[in-house]
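Counting from 1, position 295 in the sequence shown corresponds to residue 674 in this note's numbering; the numbering is continuous, with no gaps.
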Amino acid sequence: LDEFLEAHLPVVIRGSQLIMKGGGSSGESEESKWTLGHIQRMLAAKKVTVYESPCQYFRYWKKEQHTGPYAFKAPTSEKSIPISEFLQRAQKGTAEGPAIEDGDEKGGTGLLYLQESLSGHSEFSSEFASWNWSWLLRIVRKFGWGTPDRNILLVGMQGATTPAHYDEQENMFAQMGGRKEVYLWPPGDWQGMYAFPCNHACDRQAMVNPDNPDLNRFPLYRHARPHYAALQPGDLLYLPVGWWHHLRNLDPLAISITFWSKQQKTSLDTLKLPLDQRHLLTVRRNLEEMVFNIFGSDSLFNLARQLSARHSSKSLTKLSEKNFKVKEFMVSCLSNFMDRTRANSLILDMLEGRYCHDTEKWIQPKT
380 LDEFLEAHLP
390 VVIRGSQLIM
400 KGGGSSGESE
410 ESKWTLGHIQ
420 RMLAAKKVTV
430 YESPCQYFRY
440 WKKEQHTGPY
450 AFKAPTSEKS
460 IPISEFLQRA
470 QKGTAEGPAI
480 EDGDEKGGTG
490 LLYLQESLSG
500 HSEFSSEFAS
510 WNWSWLLRIV
520 RKFGWGTPDR
530 NILLVGMQGA
540 TTPAHYDEQE
550 NMFAQMGGRK
560 EVYLWPPGDW
570 QGMYAFPCNH
580 ACDRQAMVNP
590 DNPDLNRFPL
600 YRHARPHYAA
610 LQPGDLLYLP
620 VGWWHHLRNL
630 DPLAISITFW
640 SKQQKTSLDT
650 LKLPLDQRHL
660 LTVRRNLEEM
670 VFNIFGSDSL
680 FNLARQLSAR
690 HSSKSLTKLS
700 EKNFKVKEFM
710 VSCLSNFMDR
720 TRANSLILDM
730 LEGRYCHDTE
740 KWIQPKT
């Protein structure tokens with residue numbers, strides 16, 4: 380296991396004992412305890428966060444992140460409802476099709492996905508105490524992660540799919556009930572995944588849909604190298620920082636719990652050159668955010684548009700004064716890690732197919 384963690388490679392641990400009875404003393408896995416009935420009893424008096432989608436896809440989004448010049452319509456709606464209501468509606472949908480019928484007083488049609496943070500849920504205190512934290516903390520200390528500080532309970536309907544995205548934290552993903560399939564791509568496939576712009580509500584999400592990729596719009600996706608895992612109850616998946624992942628529930632109301640830790644800090648003094656793909660992903664993202672803060676939220680959109688026009692016309696037209704300043708700033712920053720030729724090439728790769736006028740079209744994945 381440690382070899383995979385050291386190399387930042389995803390790995391599935393079969394029959395994990397992270398969540399177990401007796402704090403790890405009995406060695407008896409507790410995944411069978413995490414039934415829908417058990418969850419309903421524990422959360423009986425609470426409301427939970429539930430997302431509703433008109434289709435199978437549940438894309439993450441943050442409206443406050445959306446500062447760029449792109450049209451945006453939220454692909455899901457968020458509600459806070461009693462756990463009993465969620466289970467009633469979701470189980471109805473499992474048996475009969477959509478969770479919400481047209482004309483239902485609740486409004487909407489489609490699938491439901493419970494995504495509830497366990498922070499502040501005192502009713503789970505005895506559960507937390509029984510988990511094998513010593514096993515996880517050994518990993519955290521050895522690899523310099525932050526202390527695990529966030530657990531999300533996920534309960535989704537059959538077919539509910541989280542579109543491809545990457546995270547900036549280390550994640551131990553525990554499958555507690557039902558089966559889930561996961562497709563994964565390494566950080567080196569970043570360009571082929573066509574991430575939404577950093578100042579888009581769907582930041583860190585892939586515009587391309589791996590289930591039905593439009594290779595005319597996203598031609599570089601054909602070079603992506605997906606990996607696959609089928610998770611069973613009791614499995615634990617290590618999802619490293621920067622690895623893209625696309626997840627789908629194979630069974631009705633599959634149950635998962637995430638264990639999030641901040642990634643190991645890297646100082647400039649210890650950074651090794653040339654940058655590996657994981658660190659390159661972080662450099663790209665940080666650079667884009669710096670540009671927005673200094674030159675404005677539309678700066679990369681305007682630069683990408685002019686660079687694309689020059690490429691299409693095969694012209695050597697000079698960049699506008701502002702676009703020239705933006706590009707030179709980016710080259711200057713990247714020159715700390717690479718030569719100017721490589722920096723100029725990386726900038727073109729960063730912008731290609733991403734800072735475009737059609738981002739709205741790809742918010743809801745096309746099937």
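Glycine included, each C-beta is placed from N, C-alpha and C at the ideal position.
Assigned exposure category for I398 - 16 Cβ within 10 Å defines buried: Here residue 398 refers to the residue found at position 19 when the sequence shown is read from its first residue. By the neighbour-count rule (16 or more Cβ atoms within 10 Å), I398 is buried.
Nearest candidate by alpha-carbon position, reference R420, set E431, F507 and E502: The residue given as residue 420 occupies position 41 in the sequence shown. Minimum Cα-Cα distance from R420 among the listed residues E431, F507 and E502 corresponds to E502.
Separation of K644 from W623, as counted between CA atoms: If you number the sequence shown from 1, residue 623 lands on position 244. If you number the sequence shown from 1, residue 644 lands on position 265. Rounded to whole angstroms, W623 to K644 spans 20 Å at the Cα level.
Reference E668, options C577, F507, P433 and I462, closest by Cα: Numbered from 1 along the sequence shown, position 289 holds the residue referred to as residue 668. Per the Cα distances, C577.
V534 versus Q656: straight-line alpha-carbon distance, rounded: Taking the sequence shown and counting its residues from 1, the one referred to as residue 534 is at position 155. Taking the sequence shown and counting its residues from 1, the one referred to as residue 656 is at position 277. So the two alpha carbons sit approximately 33 Å from each other.
N530, enclosing beta strand (DSSP E) - first and last residue: For the purposes of this step, residue 530 is taken as residue 151 along the sequence shown, with counting starting at 1. From DSSP, the beta strand (DSSP E) with N530 extends over R529 to G535.
Alpha-carbon to alpha-carbon, D568 and L659: For the purposes of this step, residue 659 is taken as residue 280 along the sequence shown, with counting starting at 1. For the purposes of this step, residue 568 is taken as residue 189 along the sequence shown, with counting starting at 1. Using only the alpha carbons, I get a separation of about 12 Å.
Contact between the segment 382-394 and the segment 609-618 (3+ Cβ pairs under 8 Å): yes
Nearest-angstrom Cα separation, counted from P619 out to L384: Counting from one through the sequence shown, the residue named residue 384 turns up at place 5. Counting from one through the sequence shown, the residue named residue 619 turns up at place 240. If you take the alpha carbons of L384 and P619, they lie about 8 Å apart.
I726 versus F716: straight-line alpha-carbon distance, rounded: Indexing the sequence shown from 1 puts residue 726 at position 347. Indexing the sequence shown from 1 puts residue 716 at position 337. C-alpha separation (whole angstroms): 13 Å.
Cβ neighbour criterion (16 or more within 10 Å) applied to L713: For this step, residue 713 is matched to residue 334 along the sequence shown. L713 should be labelled buried.
For N530 and H625, the rounded distance between their alpha carbons: Reading the sequence shown from its first residue, position 246 is the one you call residue 625. Reading the sequence shown from its first residue, position 151 is the one you call residue 530. When rounded, the distance between both Cα atoms is 19 Å.
Pair within 8 Å by beta-carbon distance, Y492 and V561: Translated into the one-based positions of the sequence shown, residue 492 becomes position 113. Translated into the one-based positions of the sequence shown, residue 561 becomes position 182. Taking 8 Å as the Cβ cut-off, Y492 and V561 do not qualify as a contacting pair.
For L563 and R601, the rounded distance between their alpha carbons: Here residue 601 corresponds to residue number 222 of the sequence shown, with the count starting at 1. Here residue 563 corresponds to residue number 184 of the sequence shown, with the count starting at 1. The straight-line gap from Cα to Cα measures roughly 15 Å.
Top-ranked residue by Cα proximity to D630, from E707, Q554 and T738: Locating residue 630 in the sequence shown gives position 251, where the first residue counts as 1. Here the closest residue by C-alpha is Q554.
Terminal residues of the alpha helix (DSSP H) in which M421 lies: To locate residue 421, count along the sequence shown from 1; it is residue 42. First-last of the alpha helix (DSSP H) with M421: L415 to M421.
Own chain partners of L380 with C-beta closer than 6 Å, once the 5 adjacent residues on each side are dropped: Within the sequence shown, numbered from 1, the residue matching residue 380 stands at position 1. Once the five neighbours on either side are set aside, L380 has no close Cβ partner at all.
Reduced DSSP category for H754 - H, G, I as helix; E, B as strand; rest coil: The requested residue 754 does not occur in the structure, where the chain is confined to residues 380 to 746.
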